[in-house]
Amino acid sequence: MNQTMRGMRIGQQSLESEAGVRLSERQEQIFICPNQHETKVVFAADADLPDNWECSSCSKTAVRAVEGKTIEELTAQEDGPKTHYDMLMERRSEDELEELLAERISMLRAKRKRGEADL
Ligand SMILES: [Zn+2]
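Following my numbering, the numbering of the sequence shown begins with -2 at its first residue and continues without gaps.
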């Protein structure tokens, strides 16, 4: 009698904690290696995510991916416009940039009047 009750209680508890762990304390990350293999790794939700992981198919270094793109690709995309802007800032003063912008806007307005603008 005692043994049966204890067994039921333990069973219920372990089921509950298993569901809780799966829902709230873990996250799945994808790592993509140079050969385009995808390696799925499960981390704790509050874990510090590594940028790299060993590919499970070919053992090369895989890079963590977000929505199908590796963080290397995402970082390159983010840096692109910023670097271009920095280069512009180095060459031109802010006044010159504003002048250039005003010029482009008036050109666009003129185009729009003639019905040629894409926008
Ligand atoms: Zn691989």
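The beta carbon of each residue, even a glycine, is placed where N, CA and C say it ideally should be. Computed from a prediction, not measured in an experiment: that's the story for all the values here.
### Query
How many angstroms separate the CA atom of Pro31 from the CA atom of Trp50?
If you draw a straight line from the Cα of Pro31 to the Cα of Trp50, it is about 12 angstroms long.
### Message
Any residue with its Cβ nearer than 6 angstroms to a heavy atom of ligand 1 should be included. What is that list in chain order?
### Response
Every residue whose Cβ sits closer than 6 angstroms to any heavy atom of ligand 1 is listed here in chain order: Cys30, Asn32, His34, Cys52, Ser54, Cys55, Lys57.
### Query
Which value, in whole angstroms, describes the spacing of the CA atoms of Cys52 and His34?
One alpha carbon belongs to Cys52, the other to His34, and they sit about 7 angstroms apart.
### Task
Taking Arg106 as part of the alpha helix (DSSP H), name the residues at either end of that continuous run.
Per DSSP, Arg106 belongs to the alpha helix (DSSP H) from 91 to 110.
### Message
With a threshold of 8 angstroms on Cβ separation, who are the neighbours of Asn(-1) within its own chain once the five nearest residues in sequence on each side are excluded?
### Response
Low local confidence applies: a pLDDT of 47 at Asn(-1) is under 50, so the model's placement there is unreliable, and no value is given.
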